[in-house]
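Chemist: Counting the sequence shown from 1 gives a position; the working numbering is that position plus 112. Just so it is clear, CB atoms sit at the ideal spot from N, CA and C, and this is done for glycine as well. Submitted below is the structure of interest, expressed as structure tokens.
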Amino acid sequence: MAADCPEPAVPDHGTLIGLQRKNGDTIRYECDLGYKLGGQGYAICQESAWNSPTPSCDLVNCGAPPPIENGQINGSDFSYKAKVTFSCNAENFKLQGSRERTCQADGIWSGTRAYCLENSCGNPGSPLNGFKVGESYMYDDIVQFECNEGYRLIGSSSRTCKRDNNWDGTQPSCQIIDCGDPGTPENGERVGSEFTYGKVIVYDCNPGYQIAGSRSRACQLNGTWTGSVARCDVSACGANLVGPSGTFSSPNNPNSYPDNAYCRWKISVPAGKKVMVTFNSFKTQKDKDGVEIYDGVSHTFITMLSGVYSKAFSFTSEGNAIDIRFISDGSENSEGFSASYKQVTCGGVLTDLEQTVMSPNYPNDYPNSILCVWSLNIGKPFQLEFEKFHTESGYDLMQGYRSLSSFTQSDLIFDIDGERFAMEPIQASGGQMYLVFTSNNYRTAPGFKATVKKYQINVGK
Numbered sequence: 113m114a115a116d117c118p119e120p121a122v123p124d125h126g127t128l129i130g131l132q133r134k135n136g137d138t139i140r141y142e143c144d145l146g147y148k149l150g151g152q153g154y155a156i157c158q159e160s161a162w163n164s165p166t167p168s169c170d171l172v173n174c175g176a177p178p179p180i181e182n183g184q185i186n187g188s189d190f191s192y193k194a195k196v197t198f199s200c201n202a203e204n205f206k207l208q209g210s211r212e213r214t215c216q217a218d219g220i221w222s223g224t225r226a227y228c229l230e231n232s233c234g235n236p237g238s239p240l241n242g243f244k245v246g247e248s249y250m251y252d253d254i255v256q257f258e259c260n261e262g263y264r265l266i267g268s269s270s271r272t273c274k275r276d277n278n279w280d281g282t283q284p285s286c287q288i289i290d291c292g293d294p295g296t297p298e299n300g301e302r303v304g305s306e307f308t309y310g311k312v313i314v315y316d317c318n319p320g321y322q323i324a325g326s327r328s329r330a331c332q333l334n335g336t337w338t339g340s341v342a343r344c345d346v347s348a349c350g351a352n353l354v355g356p357s358g359t360f361s362s363p364n365n366p367n368s369y370p371d372n373a374y375c376r377w378k379i380s381v382p383a384g385k386k387v388m389v390t391f392n393s394f395k396t397q398k399d400k401d402g403v404e405i406y407d408g409v410s411h412t413f414i415t416m417l418s419g420v421y422s423k424a425f426s427f428t429s430e431g432n433a434i435d436i437r438f439i440s441d442g443s444e445n446s447e448g449f450s451a452s453y454k455q456v457t458c459g460g461v462l463t464d465l466e467q468t469v470m471s472p473n474y475p476n477d478y479p480n481s482i483l484c485v486w487s488l489n490i491g492k493p494f495q496l497e498f499e500k501f502h503t504e505s506g507y508d509l510m511q512g513y514r515s516l517s518s519f520t521q522s523d524l525i526f527d528i529d530g531e532r533f534a535m536e537p538i539q540a541s542g543g544q545m546y547l548v549f550t551s552n553n554y555r556t557a558p559g560f561k562a563t564v565k566k567y568q569i570n571v572g573k
């Protein structure tokens with residue numbers, strides 16, 4: 113039986129696509145933006161060797177722009193992202209076309225060809241964050257100016273070329289639309305400090321207060337905020353919780369919670385520790401009433417929970433605080449939830465590639481009777497690559513789910529224990545993964561270390 117092919121080289125400024133290394137498998141090469149393949153873009157494993165050499169990724173070159181009569185090209189670099197400018201040699205010649213052009217990733221210069229024309233007003237240029245309509249600059253020609261979305265025009269919206277080869281009016285500029293500071297409610301807080309078009313701010317109230325008005329507002333094209341001014345009214349639920357452990361629940365639990373409830377709990381433990389919250393029971397109106405969970409230090413959103421959960425489940429903060437919000441609408445309701453919390457030293461929240469998941473004390477043995485929970489919310493497909501995995505076989509278990517809000521058997525993507533060698537990467541095409549590690553009170557082992565890596569496509573045969 114033929115051996116696998118060796119690990120292929122990755123070209124500089126390129127990427128290798130494909131995990132397979134067996135005979136008959138195919139890998140693919142891609143170049144970074146601004147580079148093009150020099151050689152074959154794929155290779156096949158044949159008789160334990162790749163059938164074509166590793167290609168190069170060569171910087172795109174647009175070549176020299178066309179020469180300009182009665183003018184000159186300023187710049188000698190014609191590769192990707194390089195810029196050249198054009199100018200005319202005499203005052204009575206004015207530039208027509210693009211004053212500046214950039215070499216693009218497709219090997220084509222941006223803009224339009226430049227000319228130097230006599231008795232022309234010349235290219236008036238485009239405002240920053242805007243654009244010009246019209247490419248002819250001779251007597252009586254008109255050019256118009258517009259701004260990109262989110263900007264307003266200051267100055268002349270159109271200019272006409274006069275007999276003296278000068279433009280009438282004033283050169284416009286584009287000013288970003290600013291809605292102004294909308295303020296922060298008393299006994300509340302605001303996330304967001306930018307007030308220009310398209311920016312969104314989010315309000316929240318301190319534990320023990322309930323938000324009235326708009327929880328989030330966006331800056332609009334007309335320079336005003338969406339929604340209404342937020343305020344924080346006294347609430348009958350929610351609290352600041354401190355200490356090594358405790359409990360909390362939705363209002364009236366185990367009876368039905370009220371309509372339009374808004375409760376916030378901020379739970380803090382000593383520095384150097386993490387907070388694990390366990391929901392022992394959970395039943396809300398699905399997709400309408402639910403719980404939002406945030407890391408209490410970084411304010412990173414972890415997950416939204418809604419509906420019915422048949423078994424207990426936990427979440428762990430990355431820092432020493434966690435933020436829980438319970439929100440119900442104005443229609444049907446249910447029993448809500450009952451939860452407990454405690455300080456822990458393992459688990460957490462991962463949001464970026466190259467972050468790691470490790471068992472406590474790794475590479476030394478992990479403790480007995482431990483529960484560790486990690487929430488991986490990367491926001492794009494990724495894969496978990498294990499450097500090592502060694503737990504007590506049959507007892508100390510790592511489970512992984514494809515969701516941060518559903519933990520049924522159909523959501524389970526792996527369930528492993530014992531000592532594993534050369535593990536295949538575990539892929540999460542949805543950009544999320546929920547990990548639970550449990551150990552019993554008998555033997556221990558060195559545990560595991562895994563790294564969040566870029567998602568690799570299986571190219572196939």
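Exposed or buried, which one is L547 when buried takes at least 16 other CB atoms within 10 Å?
Modeler: On the sequence shown, position 435 is the one that residue 547 refers to. By the 10 Å Cβ count, L547 comes out buried.
Chemist: What is the DSSP secondary structure of D137, counted as helix, strand or coil?
Modeler: Here residue 137 refers to the residue found at position 25 when the sequence shown is read from its first residue. In the structure shown, D137 sits in coil (DSSP, three-state: anything other than H, G, I, E or B).
Chemist: On the criterion of 16 or more Cβ atoms from any shown chain inside 10 Å, does K206 qualify as buried, or is it exposed?
Modeler: For the purposes of this step, residue 206 is identified with residue 94 of the sequence shown, where counting begins at 1. Buried, since its Cβ has 16 or more Cβ neighbours within 10 Å.
Chemist: Give the DSSP bridge partners of K500, in chain order.
Modeler: Within the sequence shown, residue 500 is the residue found at index 388, counting from 1. Beta-bridge pairing links K500 to K561.
Chemist: Mark K492 as exposed unless 16 or more other C-beta atoms lie within 10 angstroms of its C-beta, in which case mark it buried.
Modeler: Locating residue 492 in the sequence shown gives position 380, where the first residue counts as 1. Exposed, because fewer than 16 other Cβ atoms sit within 10 Å of the Cβ of K492.
Chemist: Can you tell which of H125, D464, S393, Y154 has the C-alpha that lies nearest to the C-alpha of L145?
Modeler: As a first step, residue 145 must be located in the sequence shown, where it is residue number 33. Checking every option, the nearest Cα to that of L145 belongs to H125.
Chemist: Run through DSSP, which three-state label would S522 get?
Modeler: Here residue 522 corresponds to residue number 410 of the sequence shown, with the count starting at 1. Helix, per DSSP.
Chemist: Less than 7 angstroms between C-beta atoms, sequence neighbours within five positions excluded: which residues of the same chain meet that for S410?
Modeler: Against the sequence shown, residue 410 aligns to sequence position 298. E430, G431, listed in sequence order.
Chemist: Does Y251 pass the burial test, meaning 16 or more other C-beta atoms within 10 Å, or should it be called exposed?
Modeler: Counted from its first residue, the sequence shown places residue 251 at position 139. It is exposed - the Cβ of Y251 has fewer than 16 other Cβ atoms within 10 Å.
Chemist: Using CA coordinates, which residue listed in G542, A540, K561 is at the minimum distance from H502?
Modeler: Stepping through the sequence shown from its first residue, residue 502 is reached at position 390. Of G542, A540, K561, the residue nearest in Cα terms is K561.
Chemist: For the structure I just gave you, are there three or more beta carbon pairs, one from the segment 419-429 and one from the segment 327-346, closer than 8 angstroms?
Modeler: Too few Cβ pairs lie closer than 8 angstroms, so no.
Chemist: Determine, using beta carbons only, whether S440 and Y507 come nearer to each other than 9 angstroms.
Modeler: To locate residue 440, count along the sequence shown from 1; it is residue 328. To locate residue 507, count along the sequence shown from 1; it is residue 395. No, the Cβ-Cβ distance between S440 and Y507 is not below 9 angstroms.
Chemist: Using DSSP bridges, identify the partner residues of A155.
Modeler: Counting from one through the sequence shown, the residue named residue 155 turns up at place 43. The partner list for A155 (beta bridge, DSSP) reads I139.
Chemist: Within 10 angstroms of its Cβ, does T556 collect 16 or more other Cβ (buried), or is it exposed?
Modeler: If you number the sequence shown from 1, residue 556 lands on position 444. Label assigned to T556: buried.
Chemist: Could you say if the segment 220-236 and the segment 192-210 meet the contact criterion of at least three C-beta pairs nearer than 8 angstroms?
Modeler: Contact between the segment 220-236 and the segment 192-210 is present, because at least three Cβ pairs lie under 8 angstroms.
Chemist: Just to confirm the assignment, what range does the beta strand (DSSP E) spanning L240 have?
Modeler: Start at 1 with the first residue of the sequence shown, and residue 240 comes out as number 128. No beta strand (DSSP E) holds L240; DSSP gives it neither H nor E.
Chemist: Looking only at its own chain, which residues have a Cβ that is under 6 angstroms from the Cβ of K385, when we skip the five neighbours before and after it?
Modeler: Position 273 of the sequence shown, counted from the start, is the residue given in the question as residue 385. So the list reads N432, Q455, once near-sequence residues are dropped.
Chemist: Near S357, which residues of its chain fall below 6 angstroms by C-beta distance, leaving aside the five closest residues on each side in sequence?
Modeler: One-based indexing of the sequence shown puts residue 357 at position 245. These residues qualify, in order along the chain: K454.
Chemist: Could you check how far apart the C-beta atoms of P294 and R329 are, in whole angstroms? I think they sit under 8 angstroms.
Modeler: Start at 1 with the first residue of the sequence shown, and residue 294 comes out as number 182. Start at 1 with the first residue of the sequence shown, and residue 329 comes out as number 217. Yes, P294 and R329 are in contact; Cβ-Cβ is about 6 angstroms, under 8 angstroms.
Chemist: What is the rounded straight-line gap between the Cα of Y260 and the Cα of G187?
Modeler: The sequence position of residue 260 within the sequence shown is 148, counting from 1. The sequence position of residue 187 within the sequence shown is 75, counting from 1. Note that residue 260 is Asn in the sequence shown here, rather than Tyr. Each residue's alpha carbon lies about 29 angstroms from the other.
Chemist: Apply the 10 Å Cβ neighbour rule to D116 and answer buried if 16 or more other Cβ atoms are within range, or exposed otherwise.
Modeler: Start at 1 with the first residue of the sequence shown, and residue 116 comes out as number 4. The residue in question, D116, is exposed, as its Cβ has fewer than 16 Cβ neighbours within 10 Å.
Chemist: Classify D137 as buried or exposed, calling it buried when 16 or more other Cβ atoms lie within 10 Å of its own Cβ.
Modeler: Counted from its first residue, the sequence shown places residue 137 at position 25. With 16 or more other Cβ atoms within 10 Å, it is buried.
Chemist: Can the beta-carbon of Y249 be found less than 9 angstroms from the beta-carbon of A217?
Modeler: Indexing the sequence shown from 1 puts residue 249 at position 137. Indexing the sequence shown from 1 puts residue 217 at position 105. Contact: no.
Chemist: In terms of residue numbering, what span does the beta strand (DSSP E) encompassing T359 cover?
Modeler: Indexing the sequence shown from 1 puts residue 359 at position 247. Counting along the chain, the beta strand (DSSP E) containing T359 begins and ends at 357-361.
Chemist: Which partner residues of T336 appear in the DSSP bridge assignment?
Modeler: By one-based count along the sequence shown, residue 336 stands at place 224. Bridge partners of T336: none, in fact.
Chemist: Look at S368 and G448 and say whether their C-beta atoms are less than 9 angstroms apart.
Modeler: Position 256 of the sequence shown, counted from the start, is the residue given in the question as residue 368. Position 336 of the sequence shown, counted from the start, is the residue given in the question as residue 448. Cβ distance < 9 angstroms, so S368 and G448 count as in contact.
Chemist: Starting from the Cα of Q283, find the closest Cα among E258, F307, R302 and give me that residue.
Modeler: Within the sequence shown, the letter at position 171 stands for residue 283. Comparing Cα-Cα distances from Q283 to each of E258, F307, R302, the minimum goes to E258.
Chemist: According to the Cβ coordinates, are N318 and G292 closer than 9 angstroms?
Modeler: Here residue 318 is taken as the residue at index 206 of the sequence shown, counted from 1. Here residue 292 is taken as the residue at index 180 of the sequence shown, counted from 1. Cβ distance not < 9 angstroms, so N318 and G292 don't count as in contact.
Chemist: By Cβ distance below 6 angstroms, which residues in the same chain neighbour T563 in space, the five residues on each side in sequence not counted?
Modeler: Along the sequence shown, read from residue 1 onward, the residue named residue 563 stands at position 451. Excluding positions up to five away in sequence, the list reads T468, E497.
Chemist: Sorted by chain position, which residues of the same chain lie with C-beta nearer than 6 angstroms to K311's C-beta, five sequence neighbours on each side aside?
Modeler: As a position in the sequence shown, residue 311 is number 199, starting the count at 1. These residues qualify, in order along the chain: C331.
Chemist: Ignore the nearest five residues each way along the sequence and tell me which others in T582's own chain have a CB closer than 6 angstroms to its CB.
Modeler: No information on residue 582 is available, as it lies outside the stretch 113 to 573 that the chain covers here.
Chemist: Would you call T396 buried or exposed, if buried means 16 or more other Cβ atoms sit within 10 Å of its Cβ?
Modeler: Within the sequence shown, the letter at position 284 stands for residue 396. Answer is buried; the Cβ neighbour count reaches 16.
Chemist: Rounded to a whole number of angstroms, what is the C-alpha to C-alpha distance between P165 and Q539?
Modeler: As a working note, residue 165 is residue 53 in the sequence shown. As a working note, residue 539 is residue 427 in the sequence shown. Approximately 28 angstroms, taken between the alpha carbons.
Chemist: Using DSSP's beta-bridge definition, name the partner residues of K206.
Modeler: Residue numbering aside, residue 206 sits at position 94 when the sequence shown is read from its first letter. In DSSP, K206 forms a bridge with L229.
Chemist: I'd like to check one pair, C228 with N201: are the Cβ atoms closer than 9 angstroms?
Modeler: On the sequence shown, position 89 is the one that residue 201 refers to. On the sequence shown, position 116 is the one that residue 228 refers to. Yes, the Cβ-Cβ distance between N201 and C228 is below 9 angstroms.
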